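So the protein lines, in turn, are chains Z and H. Just add 31 to wherever you are in the first sequence, counting from 1, and you've got our numbering. Just add 31 to wherever you are in the second sequence, counting from 1, and you've got our numbering. Inspection log for the structure reproduced underneath, given as structure tokens.
Protein chains: 2
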Amino acid sequence: MDEVPGSVGTSASFALRLGQTLFSSASLLFMSVGVDFYGYTAFCYLVTIMGLVIPWSFTLALVDGYSVLVKCPLRQPGIMAIIVVGDWVLSILTLAAACSTSSVVDLLLHSNEPCPSKFCSRYQISATMAFFSWFLSLASSLFNLWLLPSL
Amino acid sequence: MDEVPGSVGTSASFALRLGQTLFSSASLLFMSVGVDFYGYTAFCYLVTIMGLVIPWSFTLALVDGYSVLVKCPLRQPGIMAIIVVGDWVLSILTLAAACSTSSVVDLLLHSNEPCPSKFCSRYQISATMAFFSWFLSLASSLFNLWLLPSL
């Protein structure tokens with residue numbers, strides 16, 4: 032059985048999951064603390080999706096950390112398939128949320144009554160963090176998909 | 032060699048490609064004819080991406096139609112890999128464009144000065160068509176990815 036760097040149970044996967052958790056937490060915090068995000072559908076959607084991504088990535092980070100410590104990677108096809116599909120769905124949803132948020136921010140910046148620059152820069156940072164989280168999530172998903180046929 | 036329904040050179044793939052071409056052309060037409068789309072970044076992005084998807088899908092529809100007629104499917108790993116990667120990238124870009132467009136339309140519908148209902152309904156139809164096109168493009172990409180390891 033090959034060892035694919037970045038697949039479940041390796042230290043690279045642990046780093047990817049930790050990055051996803053950090054970026055999605057940052058996106059959630061920048062969007063929700065002190066900003067009236069609930070006035071816009073796209074921002075509510077981003078907050079919802081980040082609330083799904085954070086527990087998913089954090090749980091898998093714990094699993095990876097444990098696998099690295101006991102040197103016994105998880106290699107059951109059923110569980111791997113669930114992880115691949117979950118990653119896939121969440122990465123699509125994260126991309127959708129990031130794109131929606133950034134297009135709304137762009138519209139707000141160029142509208143007739145521009146939003147206060149403090150708010151808009153926070154929205155922008157939040158969208159950027161969501162894009163980073165999407166990128167890491169896509170990488171995890173691809174690495175695990177690569178491993179799947181060899182199980 | 033397995034015959035995966037929906038992979039390059041089958042009649043199912045021809046139907047998928049034809050659907051992509053139709054939906055993306057409809058999305059482009061609803062967005063660009065008689066509507067001032069160039070005032071919004073997200074709408075310009077949608078038009079650009081649809082302008083990429085239409086020739087790509089149309090070319091592959093021609094290839095599939097030819098393969099079905101001469102009963103000699105295309106099965107070269109290099110070309111298949113290019114098709115899978117191209118489908119993948121275009122489906123991500125289409126999803127991004129569809130999400131951006133729909134979130135901007137939602138914002139326009141709920142803003143203080145709502146857009147004329149004729150324009151907004153056209154934007155909505157265009158975004159819906161882009162989502163359909165994304166879905167078919169994802170299906171093509173998954174079917175071809177499934178075939179790739181067996182080549």
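Glycine included, every Cβ here is placed at the ideal spot set by N, Cα and C. All values derive from a computational prediction rather than experimental measurement.
Counting only Cβ-Cβ distances shorter than 8 Å, please list the residues of the region 60 to 75 of chain H near chain Z, keeping chain order.
Cβ contacts with chain Z: Y71, T72, A73.
With a threshold of 9 Å between beta-carbons, can S133 (chain H) be considered close to chain Z, or not?
For the purposes of this step, residue 133 (chain H) is taken as the residue at position 102 of the second sequence. Closer than 9 Å to some Cβ of chain Z, the Cβ of S133 (chain H) qualifies, so yes.
Going along chain Z in order, which residues have a C-beta closer than 8 Å to the C-beta of I123 (chain H)?
Against the second sequence, residue 123 (chain H) aligns to sequence position 92. Within 8 Å Cβ-Cβ: L126.
Note the first and the last residue of the continuous alpha helix (DSSP H) segment covering L93 (chain Z).
Residue mapping note: residue 93 (chain Z) aligns to position 62 of the first sequence, counting from 1. Per DSSP, L93 (chain Z) belongs to the alpha helix (DSSP H) from 72 to 101.
Between the CA atoms of Q155 (chain Z) and Y71 (chain H) - distance to the nearest angstrom:
The residue labelled residue 71 (chain H) in the question sits at position 40 within the second sequence. The residue labelled residue 155 (chain Z) in the question sits at position 124 within the first sequence. Each residue's alpha carbon lies about 17 Å from the other.
Can you name, in chain order, every residue of its own chain whose Cβ lies under 6 Å from the Cβ of L91 (chain H), other than the five neighbours on each side?
In the second sequence, counting from the first residue as 1, residue 91 (chain H) sits at position 60. Around L91 (chain H): R48.
Determine the contact status of R153 (chain H) and V78 (chain H), defining contact as a CB-CB distance below 9 Å.
Taking the first residue of the second sequence as position 1, residue 153 (chain H) is located at position 122. Taking the first residue of the second sequence as position 1, residue 78 (chain H) is located at position 47. The answer is no: Cβ separation not under 9 Å.
Which of helix, strand or coil does DSSP assign to S58 (chain H)?
Taking the first residue of the second sequence as position 1, residue 58 (chain H) is located at position 27. If DSSP states are grouped into helix, strand and coil, S58 (chain H) belongs with the helices.
Cβ-Cβ distance between V84 (chain H) and S168 (chain H) below 9 Å
As a working note, residue 84 (chain H) is residue 53 in the second sequence. As a working note, residue 168 (chain H) is residue 137 in the second sequence. Yes, these two residues count as a Cβ contact at 9 Å.
Is the Cβ-Cβ distance between F89 (chain Z) and A129 (chain Z) less than 9 Å?
Taking the first residue of the first sequence as position 1, residue 89 (chain Z) is located at position 58. Taking the first residue of the first sequence as position 1, residue 129 (chain Z) is located at position 98. Cβ distance not < 9 Å, so F89 (chain Z) and A129 (chain Z) don't count as in contact.
Using C-beta distances below 7 Å, list every residue in its chain close to F68 (chain H), excluding the 5 sequence neighbours before and after it, in chain order.
The count along the second sequence starts at 1 and reaches residue 68 (chain H) at position 37. Correct list, in chain order: M62, F74, C75, V78.
Separation of L140 (chain Z) from D95 (chain Z), as counted between CA atoms
Position 64 of the first sequence, counting from 1, holds the residue named residue 95 (chain Z). Position 109 of the first sequence, counting from 1, holds the residue named residue 140 (chain Z). Approximately 41 Å, taken between the alpha carbons.
Chain H beta carbons: is any one of them nearer than 9 Å to that of P108 (chain Z)?
Locating residue 108 (chain Z) in the first sequence gives position 77, counting from the first residue. Using a Cβ-Cβ cut-off of 9 Å, P108 (chain Z) does not count as an interface residue toward chain H, since no Cβ of chain H sits closer than that to its own.
Neighbour-count burial assignment, G109 (chain Z), 16 or more Cβ in a 10 Å radius:
The residue you call residue 109 (chain Z) lines up with position 78 of the first sequence. The residue is exposed, with fewer than 16 neighbouring Cβ atoms inside 10 Å.
Can you tell me the Cα-Cα spacing of S38 (chain H) and L53 (chain Z), whole angstroms?
Counted from its first residue, the second sequence places residue 38 (chain H) at position 7. Counted from its first residue, the first sequence places residue 53 (chain Z) at position 22. About 38 Å.
Hey, is P180 (chain Z)'s beta-carbon within less than 9 Å of any beta-carbon in chain H?
Stepping through the first sequence from its first residue, residue 180 (chain Z) is reached at position 149. Under the Cβ criterion of 9 Å, P180 (chain Z) is counted among the residues facing chain H.
Extent of the continuous alpha helix (DSSP H) run through V115 (chain H)
What you label residue 115 (chain H) is simply residue 84 of the second sequence in a count that begins at 1. 108 to 140 is the extent of the alpha helix (DSSP H) around V115 (chain H).
For N175 (chain H), which of helix, strand or coil comes out of DSSP?
Sequence index remark: in the second sequence, residue 175 (chain H) carries index 144 (1-based). If DSSP states are grouped into helix, strand and coil, N175 (chain H) belongs with the helices.
Positions along the region 37 to 49 of chain Z whose CB lies within less than 9 Å of some CB in chain H:
Flagged: no residues at all.
When the Cα of V64 (chain H) is compared with those of H:L105, H:K149, H:W177, H:V115, which residue comes out closest?
By 1-based counting over the second sequence, the position of residue 64 (chain H) is 33. If we check each option's Cα against that of V64 (chain H), H:K149 comes out closest.
Drop a sphere of 10 angstroms on the beta-carbon of Q51 (chain H), count the other beta-carbons inside from all chains shown, and report buried for 16 or more, exposed for fewer.
For the purposes of this step, residue 51 (chain H) is identified with residue 20 of the second sequence, where counting begins at 1. Q51 (chain H) comes out buried.
Run the CB neighbour count on L138 (chain H), radius 10 Å, all protein chains shown included, and call it buried at 16 or more, exposed below.
For the purposes of this step, residue 138 (chain H) is taken as residue 107 along the second sequence, with counting starting at 1. Label assigned to L138 (chain H): buried.
Helix, strand or coil at L53 (chain H) [DSSP, three-state]:
Position 22 of the second sequence, counting from 1, holds the residue named residue 53 (chain H). Reduced to three states, the DSSP call for L53 (chain H) is helix.
Measuring alpha carbon to alpha carbon, tell me which of H:S181, H:P36, H:F166, H:S42 ends up nearest D118 (chain H).
As a first step, residue 118 (chain H) must be located in the second sequence, where it is residue number 87. For D118 (chain H), the nearest C-alpha among the options comes from H:F166.
Looking at the C-beta of D137 (chain Z), does it have a partner C-beta in chain H at a distance below 9 Å?
Your numbering for residue 137 (chain Z) matches position 106 in the first sequence. Closer than 9 Å to some Cβ of chain H, the Cβ of D137 (chain Z) qualifies, so yes.
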